[in-house]
Amino acid sequence: MRKVAGVVGAAALTLAAAAWVGLPVRAGAQGGGTIEVEVRYNGAPVIEDIKVNKDVEVCGKEKRIDKIGVGPNKGLADTLAWVTDTKGPATSKPVTLDQKGCEFHPRVLPMTPGEIDILNSDGVLHNIHTFSSLNPTINKAQPKFKKVMKEKLEKPEIVRVQCDVHSWMQGWIVVVPNPFFGVTDGRGVTKIENVPPGKHQIEVWHPLLAKQTKEVEVKAGQAVKVAVELKK
Ligand SMILES: [Cu+2]
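The sequence shown begins at 5 in the numbering used here and counts up by one.
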């Protein structure tokens with residue numbers, strides 16, 4: 005209770021401060037609603053165990069790839085949910101795709117059109133290679149001393165990513181025309197926040213399964229739950 009009171013107090017203070025300096029109090033983030041998406045997969049997880057024959061001191065001797073990651077209660081990981089019928093502003097925080105332990109982190113990375121930082125945390129040679137149709141291909145060696153490469157992806161589409169040095173390194177960057185997206189965690193859950201109120205359509209997409217769309221009605225200041233089961 006104390007925490008809640010504190011939050012209310014802080015909000016009241018902000019409003020009071022805004023009134024004091026004569027600034028308009030905008031609905032902003034408070035004007036939107038939240039979509040809580042829970043994704044399930046009824047099939048067995050698909051896991052691939054790879055024997056590593058290169059850069060083992062950094063990559064490890066074996067890699068376990070969760071191609072279809074299924075957690076407790078059949079929750080499906082690495083699944084993108086996004087609002088398809090709305091344009092929106094770019095996200096303000098930097099977008100980063102890390103190459104760490106010879107894996108892409110995250111495996112599924114949504115972003116609004118713009119810049120992306122590709123990191124090499126491994127200190128070994130990686131070579132990022134993108135497969136896209138609207139955005140220019142990126143195919144660049146990233147030597148061990150090059151910690152960051154700045155690239156741009158300006159057109160909304162799904163871009164598959166691989167490393168040409170380490171064949172098991174696979175990922176997906178999804179350029180979304182608005183910031184209303186989320187990627188499920190190991191329990192198959194994600195939240196899309198600050199969505200403009202109204203009726204919307206969301207798309208739920210996993211790299212290896214059939215995508216689905218759902219209608220959802222978002223109300224200001226409220227959370228609406230959506231359950232989706234993806235299939236092959
Ligand atoms: Cu690599």
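Even glycine gets a Cβ: it sits at the ideal position worked out from N, Cα and C. None of the values given here were measured: they were computed from a predicted structure.
Under DSSP, residue 160 takes part in no beta bridge, so it has no partner. Comparing C-alpha distances from residue 143 to each of 83, 165 and 80 shows the shortest one belongs to 165. About 10 angstroms separates the beta carbon of residue 180 from that of residue 90, a gap too long to meet the 8 angstroms contact definition.
In this structure, residue 170 lies near residue 106, with their beta-carbon atoms less than 7 angstroms apart. Residue 111 counts as buried, since no fewer than 16 other beta carbons sit within 10 angstroms of its beta carbon. DSSP places residue 187 in no alpha helix (DSSP H) but in the uninterrupted beta strand (DSSP E) bounded by 185-187.
Contact between residue 207 and residue 217 holds: their C-beta atoms lie close to 5 angstroms from each other, under 8 angstroms. A distance below 7 angstroms separates the beta carbons of residue 155 and residue 120. Assignment of residue 35 by DSSP, reduced to helix, strand and coil, places it in the helix class.
Taking a 10 Å sphere around the C-beta of residue 138, we find fewer than 16 other C-beta atoms and assign the residue as exposed. Residue 179 is bridged by DSSP to 115 and 161. For residue 214, the pairing in a beta bridge is given by DSSP as 235. Exposed is the label assigned to residue 76, since fewer than 16 other Cβ atoms lie within 10 Å of its Cβ. In this structure, the C-beta of residue 169 approaches ligand 1 to less than 6 angstroms from one of its heavy atoms.
With respect to the 7 angstroms criterion, residue 87 and residue 232 are not classified as neighbours on the basis of their beta carbons. Between ligand 1 and the CB of residue 109, the shortest heavy atom gap is not smaller than 6 angstroms. The C-beta separation of residue 38 from residue 197 comes to about 5 angstroms, placing the pair in contact by the 8 angstroms criterion. Within 6 angstroms of the C-beta of residue 130 there is at least one heavy atom belonging to ligand 1.
A buried status is given to residue 182, since no fewer than 16 other beta-carbon atoms sit within 10 Å of its beta-carbon.
Taking 8 angstroms as the upper bound for CB-CB distance, residue 214 and residue 229 are not in contact here, some 22 angstroms apart. In this structure, residue 67 keeps its C-beta atom at 7 angstroms or more from the C-beta atom of residue 51.
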